[in-house]
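> I am attaching a structure below and will ask some questions about it afterwards.
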Amino acid sequence: MDEIEYKLKTKNNVLIVNAIDKLISIIKSKYKPAERQRFVLENEELKFLREKCMSENTFVSLTAYQGLLALVELGVLEIGHTMSTVITLLPSAHLKSFQKLLCNYIDNGRALSFGPSLTSYTRAAL
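Under full-length UniProt numbering, think of the first position of the sequence shown as 1, with each following residue one higher.
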């Protein structure tokens, strides 16, 4: 986690995306479908990802939101619970980040889509 934390504190977008990708990999590797409810509430990496949605760094915030949605597409998180989480985080989040995320989805014409940074990871993981 120290490496992830370090990368997220940099101003380097490549390192930030790499850190979120690594976080997604860790979350996915620890996920057990039989324990989904408990996992969603107690997994430290998932809590950390949610915290990063409220980051003061707009790029970190946007990438963390994309990470949550990538976990939905991978089947780790349920869409209903994730959207509830996103709505709960909105008052604390950068509305500009969330607006960019929504515009990205609308522009791509898909219910769930990802920027070029997470698309390759998502496809490779499926």
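We put the CB at the ideal spot given by N, CA and C, even for glycine. Fair warning: this is a prediction, and the values are worked out from it, not measured in the lab.
What's the call for Lys32, buried or exposed, on a 16-neighbour Cβ count within 10 Å?
The count along the sequence shown starts at 1 and reaches residue 32 at position 32. Flag for Lys32 reads exposed.
> Contact check, Leu77 vs Lys28 under 8 Å by CB: the rounded distance?
Taking the first residue of the sequence shown as 1, we reach residue 77 at position 77. Taking the first residue of the sequence shown as 1, we reach residue 28 at position 28. Going by Cβ atoms, the distance from Leu77 to Lys28 rounds to 10 Å, so no, they are not a contact pair.
> According to DSSP, is Tyr6 part of a helix, a strand, or is it coil?
In the sequence shown, counting from the first residue as 1, residue 6 sits at position 6. Looking at Tyr6 - three-state DSSP - the assignment turns out to be helix.
> What three-state label does DSSP hand Ser55 in the structure shown?
Stepping through the sequence shown from its first residue, residue 55 is reached at position 55. Three-state result, Ser55: coil.
> Less than 9 Å separating the beta-carbons of Met1 and Phe48?
Residue numbering aside, residue 1 sits at position 1 when the sequence shown is read from its first letter. Residue numbering aside, residue 48 sits at position 48 when the sequence shown is read from its first letter. For Met1 and Phe48, yes; Cβs fall inside 9 Å.
> Applying the 10 Å Cβ sphere with the 16-neighbour rule, what's the burial state of Gln37?
The count along the sequence shown starts at 1 and reaches residue 37 at position 37. Looking at its Cβ environment, which holds fewer than 16 other Cβ atoms inside 10 Å, Gln37 is exposed.
> Answer with buried or exposed for Cys53, where buried requires no fewer than 16 other C-beta atoms within 10 angstroms of its C-beta.
Locating residue 53 in the sequence shown gives position 53, counting from the first residue. With 16 or more other Cβ atoms within 10 Å, it is buried.
> Enumerate in chain order the residues of its own chain whose CB-to-CB distance from Leu8 is below 7 Å, with the five nearest sequence positions on each side excluded.
Working through the sequence shown from its first residue, we reach residue 8 at position 8. Answer for Leu8: Ile16, Ala19, Lys52 and Val60, listed in chain order.
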